[in-house]
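Working notes, structure below.
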Amino acid sequence: MKKIAVFASGSGSNVQNIIEFFQKDAFATVVLVLSNNPNALALERAKTLGVDAVVFNKTQLLDSKGVLSQLLQYNIDFIVLAGFLWKFPKHIIGKFDNKIVNIHPALLPKFGGKGMYGMHVHKAVVAAKVKETGITIHHVNARYDEGAIVFQAKCTVDENDTPEEIAQKIHKLEMEHFPTVIKDLLVKNA
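Quick note: the sequence shown uses the working numbering, first residue 639, plus one each step.
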């Protein structure tokens with residue numbers, strides 16, 4: 639069985655959705671949730687669902703004996719970034735080449751890069767008056783939101799949509815697609 643680790647910084651609705659999806663799956667399972675935020679609701683969601691949850695700081699992420707050693711200790715096969723806000727370090731990316739994906743709440747390459755997350759993205763979408771937005775699931779490399787795109791799903795942006803309304807549309811796309819895309823990647827790379 640493939641072992642998944644999920645990194646998150648916030649509420650963890652994607653984390654919960656991914657854990658629950660793989661609890662019904664015989665091919666892979668989420669065994670570890672990691673967060674840089676000790677107050678992240680994602681940690682509580684993980685514990686409630688019986689998944690180990692770990693908090694770490696910047697030093698532990700950047701130190702090769704820190705977070706990386708925990709990933710190796712758990713025999714992790716695949717890493718998912720689900721609302722994780724820090725840049726991922728090269729030593730972990732190198733160890734898990736093409737085995738780390740992130741979800742971004744816009745259609746990359748538009749509205750990506752440092753500082754473009756959550757409501758910042760949705761406000762930028764409204765300000766740009768674009769007609770559609772969506773989600774992008776992409777491989778993680780050493781630069782924010784520049785890894786190879788794996789999957790995109792779109793939704794329309796109505797003229798009067800608020801950033802909050804766009805956030806709801808994006809959330810629906812995330813819930814629908816993120817776990818299945820992860821599963822497809824795991825099967826393809828098995």
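We treat Cβ as the ideally placed atom computed from N, Cα and C, and that holds for glycine.
Please read these numbers as outputs of a predicted model, since none were measured by experiment.
Buried or exposed (CB count within 10 angstroms, at least 16 for buried), residue i
| i | result |
| --- | --- |
| residue 825 | exposed |
| residue 798 | exposed |
| residue 783 | buried |
| residue 753 | exposed |
| residue 744 | buried |
| residue 771 | buried |
| residue 781 | exposed |
| residue 677 | exposed |
Nearest to residue i (by Cα), restricted to the options the options
| i | options | result |
| --- | --- | --- |
| residue 816 | 718, 723, 681 and 663 | 718 |
| residue 821 | 649, 789 and 651 | 789 |
| residue 694 | 687, 749 and 702 | 702 |
| residue 746 | 791, 767 and 732 | 791 |
Residue-level contact to chain D via CB, residue i, 8 Å cutoff
| i | result |
| --- | --- |
| residue 792 | Here chain D cannot be found, since the structure has a single protein chain. |
Cβ neighbours of residue i in the same chain (closer than 8 Å, five flanking residues each side left out)
| i | result |
| --- | --- |
| residue 724 | 647, 674, 696 and 699 |
| residue 800 | 764 |
Cβ neighbours of residue i in the same chain (closer than 7 Å, five flanking residues each side left out)
| i | result |
| --- | --- |
| residue 727 | 699 and 700 |
Beta-carbon proximity list for residue i, same chain, < 6 Å, skipping 5 on both sides
| i | result |
| --- | --- |
| residue 660 | 666, 667 and 668 |
| residue 714 | 641 and 643 |
Legend entry - Any 3 or more C-beta pairs closer than 8 Å across the segment 766-784 and the segment 739-756: Touching, per the Cβ criterion.
Inset, instruction - For the segment 756-800, list the alpha helix (DSSP H) runs that are entirely contained and at least 4 residues long, ordered along the chain. - result: Correct list: 756-766.
Inset, instruction - Tell me the start and end of each unbroken beta strand (DSSP E) in the segment 694-753 that is at least 3 residues and wholly inside, in chain order. - result: Complete beta strand (DSSP E) runs here, min 3: 716-719 and 738-742.
Inset, instruction - Within the segment 642-696, note down every full alpha helix (DSSP H) run reaching 4 residues or more, in order along the chain. - result: The qualifying runs are 651-661 and 679-686.
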